[in-house]
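See below for the structure under consideration.
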Amino acid sequence: MFVPQKHGLKPRSAATPDRRGFACFYRVSEDALFLERLHLALPYKEQLLVQAGRGPLLLGLSARVEPEGRLRVLYSDMHAPVQFSGGMLLGDGYIHALALHGRELQLRRTTIHPAFEWREVHELIFEMGRLVEAQDCSEAVVRIREHLASEQFEPGSPEWQAAHATLVAQAFRVDYGLPALSSPSSWIR
Numbered sequence: 117m118f119v120p121q122k123h124g125l126k127p128r129s130a131a132t133p134d135r136r137g138f139a140c141f142y143r144v145s146e147d148a149l150f151l152e153r154l155h156l157a158l159p160y161k162e163q164l165l166v167q168a169g170r171g172p173l174l175l176g177l178s179a180r181v182e183p184e185g186r187l188r189v190l191y192s193d194m195h196a197p198v199q200f201s202g203g204m205l206l207g208d209g210y211i212h213a214l215a216l217h218g219r220e221l222q223l224r225r226t227t228i229h230p231a232f233e234w235r236e237v238h239e240l241i242f243e244m245g246r247l248v249e250a251q252d253c254s255e256a257v258v259r260i261r262e263h264l265a266s267e268q269f270e271p272g273s274p275e276w277q278a279a280h281a282t283l284v285a286q287a288f289r290v291d292y293g294l295p296a297l298s299s300p301s302s303w304i305r
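Under this note's numbering, the first residue of the sequence shown is numbered 117, with each subsequent residue one higher.
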């Protein structure tokens with residue numbers, strides 16, 4: 117995907133929970149992937165340069181500084197093609213917006229794949245920025261959530277991990293890097 121550092125920009129990593137310091141907004145149009153907006157956390161001195169109209173250009177475009185927020189520097193109306201090859205998951209209807217308790221909280225802490233947290237999940241497969249496949253994975257993700265909530269196996273046990281890995285592999289065409297699931301003793305971080 118798009119990485120600002122490859123274009124000479126140096127976002128402050130502490131500004132976002134994922135430590136990247138930026139957020140990209142993409143669009144799929146006519147079966148192609150485009151970067152539409154980029155929000156960055158830049159040092160104050162660089163923000164002043166952007167406000168003065170002397171900030172760095174990105175793909176020939178100037179940025180502006182938003183009045184509030186941690187990612188205040190904004191490049192917009194980009195419509196820049198992205199030469200991405202791989203899979204992308206899109207989710208709608210976030211599930212775990214409310215506080216969880218007991219077993220559900222423990223399961224949430226061991227659920228590493230973010231797709232489990234959405235009611236509707238779609239997978240898009242790209243080759244060099246061209247959309248080559250799209251599938252609705254929502255029903256498969258429901259089966260994964262049912263497995264997570266089932267008491268058939270002890271969460272974290274080898275049997276549980278194997279069943280979980282099989283369901284994930286069946287749900288998606290791309291391996292999104294499901295790490296080894298933690299044992300119950302490491303649920304609380």
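C-beta atoms are modelled at their ideal positions from N, C-alpha and C, and glycine is treated no differently.
Given the structure is predicted, the values throughout are model-derived calculations rather than measurements.
Check: Excluding five sequence neighbours on each side, which residues of the same chain lie with their C-beta closer than 7 Å to the C-beta of Leu-165?
Finding: Gly-171
Check: Is there contact here, the stretch 137 to 155 with the stretch 187 to 198, by at least three beta-carbon pairs under 8 Å?
Finding: yes
Notebook entry, point to check: Quick one, which of His-238, Ile-211, Arg-246 and Ser-266 has its alpha-carbon nearest Phe-288's?
Noted result: Ranking His-238, Ile-211, Arg-246 and Ser-266 by Cα distance to Phe-288 puts His-238 first.
Check: For the stretch 234 to 305, which segments carrying the alpha helix (DSSP H) assignment without a break, of at least 4 residues, lie completely within its bounds, in sequence order?
Finding: 254 to 265 and 274 to 287
Next item on the list: Quick one: which unbroken alpha helix (DSSP H) runs of 4-plus residues sit fully inside the stretch 127 to 183? Chain order, please.
Entry: If we require 4 residues or more, the alpha helix (DSSP H) runs fully inside the stretch 127 to 183 come out as 160 to 167.
Checklist line | DSSP beta-bridge partners of Gly-203 | finding: Ile-241
Note to self: Using a 10 Å radius around the Cβ and a threshold of 16 neighbouring Cβ atoms, would you call Ala-231 buried or exposed?
What the structure shows: buried
Next item on the list: State the start and end residues of the unbroken beta strand (DSSP E) segment that holds Val-189.
Entry: 189 to 191
Next item on the list: If I'm right that Ala-196 touches Leu-173 with Cβ under 8 Å, what's the distance once you round it to whole angstroms?
Entry: Contact doesn't hold; Cβ gap of about 13 Å is too wide.
Checklist line | Distance, Val-257 Cα to Lys-122 Cα | finding: If you take the alpha carbons of Lys-122 and Val-257, they lie about 34 Å apart.
Check: Alpha carbon to alpha carbon, how far is Gly-137 from Gly-185?
Finding: Just so you know, the alpha carbons of Gly-137 and Gly-185 end up roughly 12 Å apart.
Checklist line | Neighbour-count burial assignment, Glu-270, 16 or more Cβ in a 10 Å radius | finding: exposed
Note to self: Using only the alpha-carbon positions, how far apart do Gln-199 and Gln-167 sit?
What the structure shows: Their backbone Cα atoms lie some 30 Å apart in a straight line.
Note to self: Considering only their Cβ atoms, is the gap separating Ala-157 from Gly-245 smaller than 7 Å?
What the structure shows: no
Item checked: Inter-residue spacing [alpha-carbon to alpha-carbon] between Phe-118 and Tyr-142 -> 10 Å
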